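Numbering (the numbering used here), first residue to last: 206 to 292. Below is one structure, written out as structure tokens, with a few remarks after it.
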């Protein structure tokens with residue numbers, strides 16, 4: 206009989222803690238995205254308002270493209286990529 210109630214107890218606990226775990230997951234994702242934006246603003250002088258229009262996935266792609274161009278030492282392509290987002 207107690208095993209029967211333990212199954213329900215675990216389900217109820219899972220239902221109670223699921224929104225909190227979901228909120229923690231999204232908070233961590235938000236902090237990672239804001240960190241990427243902060244890096245681009247501090248390093249390349251980009252405008253936060255222009256970056257705010259981009260999704261987190263687009264910011265990640267932009268940063269990866271910038272890193273790839275930095276590793277190939279292509280200054281002109283890097284400048285052309287960064288220029289639309291500068292202040």
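No residue lacks a Cβ here, since even glycine has one placed at the ideal position from N, Cα and C. Small disclaimer: the values here were computed from a predicted structure and weren't measured.
Can you tell me where the alpha helix (DSSP H) with residue i in it begins and where it stops?
| i | result |
| --- | --- |
| residue 257 | 253-257 |
| residue 272 | 261-276 |
On the criterion of 16 or more Cβ atoms from any shown chain inside 10 Å, does residue i qualify as buried, or is it exposed?
| i | result |
| --- | --- |
| residue 237 | exposed |
| residue 215 | exposed |
| residue 290 | buried |
If you draw a straight line from the alpha carbon of residue i to that of residue j, how long is it in whole angstroms?
| i | j | result |
| --- | --- | --- |
| residue 219 | residue 257 | 35 Å |
| residue 280 | residue 222 | 49 Å |
| residue 292 | residue 251 | 6 Å |
| residue 227 | residue 259 | 23 Å |
| residue 234 | residue 278 | 31 Å |
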